[in-house]
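Below is one structure, written out as structure tokens, with a few remarks after it.
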Amino acid sequence: MALVAQFLLNFAKFGRSVSHHNNRSSLFFSCNYSNNNSCSWSKKNFVELTDEELIRQCEMGTFKASGPGGQHRNKRESAVRLKHIPTGIIAQAVEDRSQHKNRASALARLRTLLALKVRNNVNLDTYSPPPELLQILPPKSTIRSSDVGPQIGPNNPKFILGMQALLDLIFAVEGSVSEAAKLLGLSTGALSRLILSDDSLRMVVNELRTSKGIKPLK
Amino acid sequence: MKLSLTRACCRSYTFPIFRKPSSVLPRAIFHQSLSSSSSSSLKPKTPLFLRPPKHSATFSDLKKWHDWANTLAYEVGSSFADSDNGPDSSILCRELKWLLEDSLEDNSLIPHLGIENNPNSVKLRIALDELYGLWKERIEKRKPFQYLVGCEHWRDLVLCVEEGVFIPRPETELIVDLVNEVVRDNEQLRNGIWVDLGTGSGAIAVGIGRILGSKGKVIAVDLNPLAATVAAFNAHRYGLQDVIEIQQGSWFETLKGFEGKLSGVLSNPPYIPSDDICGLQSEVGKHEPILALDGGLDGMDDLLHLCNGAASMLKPGGFFTFETNGEKQCKFLVDYLENDCSGSFCNVSIVSDFAGIQRFVTGFRRAL
């Protein structure tokens with residue numbers, strides 16, 4: 001019952017008053033995953049958490065909760081909104097008829113948003129790409145050994161972990177695709193193509209480049 | 001005691017097969033405690049989304065209907081919401097979209113409705129004039145959307161419902177999670193006998209039927225013969241005809257012989273106080289079965305009966321969950337279970353629903 005209880009505890013604490021997180025900004029967390037004292041809410045990268053762990057960090061609200069509910073009501077209020085408390089990121093799902101399914105969609109959406117918006121610091125002097133990033137690189141990358149396995153594309157749920165690590169690197173090099181490409185053993189063109197293969201990835205990279213006065217990738 | 005699935009007075013119902021043909025004759029087994037000749041003619045209605053697409057209409061005619069239906073929905077504005085907390089235009093428009101999805105054979109064609117004067121035709125599961133009739137009933141008679149389409153999406157299930165059978169509510173979805181938490185680490189409960197009293201469409205029974213162990217069984221009971229038929233249909237549609245036994249009867253009445261043997265007792269019984277029934281939103285008060293809503297003077301008649309029954313029917317360590325009207329009933333029940341049931345229960349607690357309203361009372365039968 002712990003999971004359910006946690007949901008409701010969070011709900012009771014924070015009610016339904018949620019503020020929308022600003023889409024444009026990225027959140028920086030200077031957490032060292034292996035030795036973490038400053039980020040008390042998580043010892044792990046958020047995106048790596050299991051569904052249950054992630055949901056414990058969220059408050060969940062249905063959109064409308066007026067009146068006594070239960071047998072009294074037939075309004076199909078199945079929409080679900082998850083607010084990730086540590087980051088303030090909100091994910092919601094309304095398209096399905098069942099609350100249960102909307103909860104699952106909102107959680108999947110939250111995971112993607114966390115990967116897109118939460119940045120982890122990268123030390124460029126000692127940089128070596130994590131395995132989840134190597135997995136999304138095209139096979140022609142010179143630092144990608146054959147034991148990494150086949151390339152993972154945007155439709156694979158594991159893609160977002162690699163996407164997050166790629167964004168961490170691109171932010172560390174301030175939007176320079178050529179610099180990031182060098183560190184990944186790819187040509188600038190090949191890395192550009194990878195970035196353009198996923199709409200949300202492309203948007204975040206281009207937003208960063210625009211803010212740095214670099215022209216967006218097309 | 002072993003649960004026997006064939007009983008003296010069982011009857012079998014044959015349902016159309018919707019998915020792949022099975023080598024086993026589809027049947028659901030009833031234990032009928034009431035002798036009723038009328039119920040033998042009961043047959044659940046096929047929900048819209050499962051009907052064959054034997055009708056057709058041109059896109060432009062369908063668009064005409066859709067525009068007309070949208071206009072009606074917009075004209076409602078907030079008038080239903082203001083009068084009895086009913087749906088407003090935005091909820092009705094969302095329902096209209098779902099009605100369209102269930103009516104069309106191919107949902108990917110919905111964007112084509114935007115094209116003006118499209119002469120191509122589209123296959124429908126319902127005739128166009130019937131769609132006009134349905135939406136009129138929705139707006140003018142306040143017939144619940146779920147009765148128009150004959151189903152309700154509940155958890156990851158799509159359950160058949162029809163007029164005369166209570167529509168399962170999103171709040172009740174949580175009962176399945178509560179049971180899941182309890183059986184996950186308890187093999188004995190996972191493989192025991194559970195009962196869902198007042199099963200209605202069979203929502204709770206089907207939900208937990210899928211999480212119990214290979215030896216686990218559910219007995220789903222409802223007084224209303226139509227509900228029993230619909231619950232059997234839903235159990236069968238999810239391939240649970242060997243896990244869920246449907247019985248027609250009142251609460252524990254058909255469960256003689258199971259005293260002290262049940263692993264779980266679950267129920268969403270009628271809990272609305274009688275005086276509140278006339279003020280319910282029209283979709284509920286005018287269309288859903290009063291039998292499933294009216295809980296007597298303070299709404300507690302059936303809840304108290306269930307508590308007393310659970311004390312004698314649950315085995316030591318057995319689990320119960322009852323849905324209630326809210327905080328007042330929850331607190332009253334907790335006090336009753338702890339102080340007036342001669343120490344039968346332990347770990348009695350209140351669980352809130354997703355809107356933060358204290359909704360469920362849960363607990364365990366004390367070990368002897």
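The listed protein sequences derive, respectively, from chains X and V. If you read the first sequence in the numbering used here, its first letter stands for residue 1, the second for the next number, and so on. If you read the second sequence in the numbering used here, its first letter stands for residue 1, the second for the next number, and so on. Note that CB positions come from ideal geometry on N, CA and C, so glycine has one too.
Opposite SER56 (chain V) in the DSSP bridges: which residues?
-> Residue numbering aside, residue 56 (chain V) sits at position 56 when the second sequence is read from its first letter. According to DSSP, residue pairing for SER56 (chain V) in a beta bridge involves V:LYS123.
In chain order, what residues of the same chain have a beta carbon less than 7 Å from the beta carbon of SER146 (chain X), not counting five sequence neighbours either side?
-> Within the first sequence, residue 146 (chain X) is the residue found at index 146, counting from 1. Correct list: empty, nothing qualifies.
With respect to 7 Å, is the separation between the Cβ of GLY279 (chain V) and the closest non-hydrogen atom of the ligand ATP below this value?
-> Among the ligands in the structure shown, none appear at all, so the ligand ATP cannot be discussed.
Of the residues that make up the region 144-165 of chain X, which ones have a beta carbon closer than 9 Å to any beta carbon in chain V?
-> Those residues of the region 144-165 of chain X that come within reach of chain V (Cβ to Cβ, closer than 9 Å) do not exist; the list is empty.
What's the call for ASN120 (chain V), buried or exposed, on a 16-neighbour Cβ count within 10 Å?
-> As a working mapping, residue 120 (chain V) is identified with position 120 in the second sequence. That one is exposed.
Does ASP156 (chain V) come within less than 8 Å of chain X when only Cβ atoms are used?
-> Indexing the second sequence from 1 puts residue 156 (chain V) at position 156. Yes, ASP156 (chain V) counts as interfacial toward chain X.
Kindly indicate if chain V contains any beta-carbon less than 8 Å away from that of MET60 (chain X).
-> Counting from 1 along the first sequence, the entry for residue 60 (chain X) is found at position 60. Taking Cβ atoms only, chain V reaches closer than 8 Å to MET60 (chain X), which makes this a yes.
Inter-residue Cα distance where the pair is LEU124 (chain X) and ALA172 (chain X) | Within the first sequence, the letter at position 124 stands for residue 124 (chain X). Within the first sequence, the letter at position 172 stands for residue 172 (chain X). C-alpha of LEU124 (chain X) to C-alpha of ALA172 (chain X): approximately 7 Å in a straight line.
Under 7 Å Cβ-Cβ, which residues of chain X neighbour GLN281 (chain V)?
-> Residue mapping note: residue 281 (chain V) aligns to position 281 of the second sequence, counting from 1. Listed along the chain, the chain X residues whose CB falls inside 7 Å of the CB of GLN281 (chain V) are ARG73 and ASN74.
Taking Cβ-Cβ distances shorter than 7 Å, what residues in chain V pair up with GLY69 (chain X)?
-> What you label residue 69 (chain X) is simply residue 69 of the first sequence in a count that begins at 1. By Cβ distance, chain V contributes GLU171, ASP353, ALA355 and ILE357.
Sequence-distant residues of the same chain with beta carbon closer than 6 Å to ALA311 (chain V), five excluded per side | The residue labelled residue 311 (chain V) in the question sits at position 311 within the second sequence. CYS341 and SER344, listed in sequence order.
In whole angstroms, what is the alpha-carbon distance linking GLU207 (chain X) and GLY213 (chain X)?
-> Indexing the first sequence from 1 puts residue 207 (chain X) at position 207. Indexing the first sequence from 1 puts residue 213 (chain X) at position 213. Distance between the alpha carbons of GLU207 (chain X) and GLY213 (chain X): 10 Å.
Can you tell me the Cα-Cα spacing of GLN188 (chain V) and ILE91 (chain V), whole angstroms?
-> For this step, residue 188 (chain V) is matched to residue 188 along the second sequence. For this step, residue 91 (chain V) is matched to residue 91 along the second sequence. Linking GLN188 (chain V) to ILE91 (chain V) through their CA atoms gives a straight-line distance of about 44 Å.
Is there contact here, the region 207-214 of chain V with the region 174-185 of chain V, by at least three beta-carbon pairs under 8 Å?
-> With a cut-off of 8 Å, the region 174-185 of chain V and the region 207-214 of chain V count as touching, because enough Cβ pairs lie within range.
Opening and closing residue of the beta strand (DSSP E) in which ASN308 (chain V) lies = Position 308 of the second sequence, counted from the start, is the residue given in the question as residue 308 (chain V). Run containing ASN308 (chain V): none in the beta strand (DSSP E); it sits in the alpha helix (DSSP H), 301-313.
Where does THR321 (chain V) sit, in a helix, a strand or coil, going by DSSP?
-> As a working mapping, residue 321 (chain V) is identified with position 321 in the second sequence. In the structure shown, THR321 (chain V) sits in a strand (DSSP, three-state: E or B).
Are the region 283-292 of chain V and the region 318-325 of chain V touching by the rule of at least three beta carbon pairs closer than 8 Å?
-> Contact fails: fewer than three Cβ-Cβ distances are below 8 Å.
Taking 8 Å as the CB-CB limit, is SER105 (chain X) close to chain A?
-> Absence of chain A from the displayed structure is noted, the protein chains being X and V.
Between ALA115 (chain X) and MET163 (chain X), is the Cβ-Cβ spacing less than 8 Å?
-> Locating residue 115 (chain X) in the first sequence gives position 115, where the first residue counts as 1. Locating residue 163 (chain X) in the first sequence gives position 163, where the first residue counts as 1. Taking 8 Å as the Cβ cut-off, ALA115 (chain X) and MET163 (chain X) qualify as a contacting pair.
Tell me which same chain residues have a C-beta within less than 6 Å of the C-beta of SER35 (chain V), skipping the five on either side of it?
-> Position 35 of the second sequence, counted from the start, is the residue given in the question as residue 35 (chain V). Because SER35 (chain V) carries a pLDDT of 33, less than 50, the predicted location of this residue cannot be relied on, and the following value inherits that uncertainty. Nothing listed; no residue qualifies.
Where the alpha helix (DSSP H) containing THR172 (chain V) begins and where it ends = Within the second sequence, the letter at position 172 stands for residue 172 (chain V). Where THR172 (chain V) is concerned, there is no enclosing alpha helix (DSSP H), given that its DSSP letter is neither H nor E.
Residue interval of the beta strand (DSSP E) (run including TRP135 (chain V)) = Along the second sequence, one-based indexing puts residue 135 (chain V) at 135. Per DSSP, TRP135 (chain V) lies in no beta strand (DSSP E); the unbroken alpha helix (DSSP H) holding it starts and ends at 128-140.
Beta carbon proximity, LEU134 (chain V) to chain X, threshold 8 Å = The residue you call residue 134 (chain V) lines up with position 134 of the second sequence. Not an interface residue.
Rounded distance between the beta-carbons of ASP88 (chain V) and SER78 (chain V), thought under 8 Å | Position 78 of the second sequence, counted from the first residue, corresponds to residue 78 (chain V). Position 88 of the second sequence, counted from the first residue, corresponds to residue 88 (chain V). Their Cβ separation, rounded to whole angstroms, is 5 Å, which keeps SER78 (chain V) and ASP88 (chain V) in contact under 8 Å.
Who are the Cβ neighbours of LEU266 (chain V) in its own chain at under 8 Å, not counting the five residues just before and after it?
-> Counting from 1 along the second sequence, the entry for residue 266 (chain V) is found at position 266. In its chain, beyond the 5 residues on either side, ILE175, VAL179, TRP194, VAL195, ASP196, LEU197, ILE204, ILE208, PHE320, THR321 and PHE322 have a beta carbon closer than 8 Å to the beta carbon of LEU266 (chain V).
Which residues does DSSP pair with ALA93 (chain X) in a beta bridge?
-> Here residue 93 (chain X) refers to the residue found at position 93 of the first sequence. Partner(s): X:VAL80.
At a Cβ threshold of 8 Å, is GLN57 (chain X) touching chain V?
-> To locate residue 57 (chain X), count along the first sequence from 1; it is residue 57. It does not; no Cβ of chain V falls within 8 Å.
Mind pulling the chain V residues with CB within less than 9 Å of LYS101 (chain X)?
-> Counted from its first residue, the first sequence places residue 101 (chain X) at position 101. Going along chain V in sequence order, the residues near LYS101 (chain X) (Cβ under 9 Å) are HIS153, ARG155 and ASP156.
Three-state class that DSSP yields for HIS153 (chain V) in the structure shown = As a position in the second sequence, residue 153 (chain V) is number 153, starting the count at 1. Note: HIS153 (chain V) maps to strand in three-state DSSP.
Counting Cβ pairs closer than 8 Å, one from the region 122-136 of chain V and one from the region 48-62 of chain V, do we hit at least three?
-> Touching, yes.
8 Å Cβ cutoff, ASN85 (chain V) in contact with chain X = Within the second sequence, numbered from 1, the residue matching residue 85 (chain V) stands at position 85. Yes, ASN85 (chain V) lies at the interface with chain X (some Cβ there is under 8 Å from its Cβ).
Against chain X: residues of the region 95-112 of chain V by CB proximity under 8 Å | Those residues of the region 95-112 of chain V that come within reach of chain X (Cβ to Cβ, closer than 8 Å) are GLU95 and TRP98.
Using beta-carbon positions only, say whether ARG184 (chain V) and GLU173 (chain V) come within less than 8 Å of one another.
-> The residue given as residue 184 (chain V) occupies position 184 in the second sequence. The residue given as residue 173 (chain V) occupies position 173 in the second sequence. Contact flag unset, no.
Hey, quick one: how far does the alpha helix (DSSP H) through ASN52 (chain X) stretch, first residue to last?
-> What you label residue 52 (chain X) is simply residue 52 of the first sequence in a count that begins at 1. The sequence shown places Glu at residue 52 (chain X), not Asn. Secondary structure note for GLU52 (chain X): its alpha helix (DSSP H) is the uninterrupted segment 51-56.
So, is the C-beta of GLY363 (chain V) closer than 8 Å to a C-beta in chain X?
-> Along the second sequence, read from residue 1 onward, the residue named residue 363 (chain V) stands at position 363. It does not: the Cβ of GLY363 (chain V) has no partner Cβ on chain X nearer than 8 Å.
Could one say the Cβ of VAL122 (chain V) lies closer than 8 Å to chain X's Cβ atoms, at least one of them?
-> In the second sequence, counting from the first residue as 1, residue 122 (chain V) sits at position 122. Not an interface residue.
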